[in-house]
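Some notes on the structure that comes next.
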Amino acid sequence: MSLRLFAALDLPDHVAAALLAVMKGTPGAKWRPRENLHLTLRFFGDVAEPVADDLDLELAAVAERYAPFELRLKGAGSFGGAEPHALWIGAAPSPALNGLADAVEKAARRVGLKAEPRKFMPHVTVAYLSGASLDSVLGYENRHAVFEAPPFEVDRLSLFSSVTRKSAPSLYRREAEYGLHGGR
1289 MSLRLFAALD
1299 LPDHVAAALL
1309 AVMKGTPGAK
1319 WRPRENLHLT
1329 LRFFGDVAEP
1339 VADDLDLELA
1349 AVAERYAPFE
1359 LRLKGAGSFG
1369 GAEPHALWIG
1379 AAPSPALNGL
1389 ADAVEKAARR
1399 VGLKAEPRKF
1409 MPHVTVAYLS
1419 GASLDSVLGY
1429 ENRHAVFEAP
1439 PFEVDRLSLF
1449 SSVTRKSAPS
1459 LYRREAEYGL
1469 HGGR
């Protein structure tokens, strides 16, 4: 059996509330429910259980090496270019976040998973798009280009499993949580 896995950062309620306040005003947007708002560090895809067990150990080791840090969500954008398929809220530049994402990527490779071909682009997906016009998407991006959520402390990362559903948002289940304890 395999699990569809990803590593992510949870968002505290005050940050989620700031996101929920800007999740409106774009026809064709399917806004994500609160429980699906997170910042993905690395999507692993379908992972066999023995490899998932190894990944669990590797992520625990990563967390032991990283100290908590402050993060702020900032700005808005979309994926898909002229045919947008998702809206996102970004993260302010953070060497600590980039270092953590890089360590998670290296952990994935140590357990035999293929390298992620895309450069890490920290974001929270706030909506998937279906039939949204490019103008409405650009309008959303322009309205929220200066968006800033209150800062929050990142003190843990989580390993989630995901079950996709056709007519409803994906179901996410926390498989493990790892407190950040170390320094560099």
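Residue 1289 is where the sequence shown starts when you use my numbering, and the numbers rise one by one after that. C-beta: ideal position from N, C-alpha, C; glycine also. Note that the coordinates shown come from a computational prediction; the quantities given were computed from them, not determined experimentally.
Buried versus exposed call for residue i [16 or more other C-beta atoms within 10 Å across all chains shown]
i, result
"ARG1472", "With a pLDDT of only 47 at ARG1472, under the threshold of 50, the placement of this residue in the model should not be trusted; the figure read from the coordinates follows. Burial call: exposed."
"THR1452", "exposed"
"VAL1524", "The structure shown does not extend to residue 1524, since the chain spans only 1289 to 1472, so no value can be given for it."
"VAL1414", "buried"
"MET1311", "buried"
"PRO1474", "No answer is possible for residue 1474: it lies beyond the span of the chain, which begins at 1289 and ends at 1472."
"ARG1462", "exposed"
"SER1421", "exposed"
"ALA1370", "exposed"
"ARG1406", "exposed"
"PRO1315", "exposed"
"PRO1410", "buried"
Residues near residue i in its chain [Cβ-Cβ closer than 8 Å; skip 5 each side]
i, result
"ARG1322", "ALA1304 and LEU1308"
"ALA1391", "VAL1350, ARG1353 and TYR1354"
"ALA1464", "ASP1344, LEU1347, ALA1348, SER1446 and LEU1447"
"VAL1335", "SER1290, LEU1291, ARG1292, LEU1293, LEU1343 and LEU1401"
"ALA1374", "SER1366, PHE1367, GLY1368, THR1413, ALA1415, TYR1416 and LEU1417"
"ALA1395", "LEU1343, GLU1346, LEU1347, ALA1349 and VAL1350"
Sheet register partners of residue i (DSSP bridge)
i, result
"ALA1295", "ARG1330 and LEU1447"
"PHE1367", "ALA1374"
"LYS1318", "TYR1416"
"SER1290", "ALA1336"
"VAL1442", "PHE1357"
"ARG1431", "Note: ARG1431 sits in no beta bridge, so no partner."
"GLY1260", "Residue 1260 cannot be examined here, being either before or after the span of the chain that is shown, 1289 to 1472."
Own chain, CB closer than 7 Å to residue i, minus 5 neighbours either side, in chain order
i, result
"PRO1356", "GLU1441, VAL1442, ASP1443 and LEU1468"
"ARG1398", "GLU1346"
"ALA1348", "TYR1466"
"SER1458", "ASN1324, SER1450, VAL1451 and THR1452"
"ARG1320", "THR1413, VAL1414, ALA1415 and PRO1457"
Cβ shell of residue i (< 6 Å), same chain only, five flanking positions each side left out
i, result
"THR1328", "PHE1294 and ALA1296"
Start-end ranges of the beta strand (DSSP E) lying completely within the segment 1395 to 1422, minimum 3 residues: 1411 to 1417
Contact the segment 1384 to 1391 vs the segment 1420 to 1439: 3+ CB pairs below 8 Å: no
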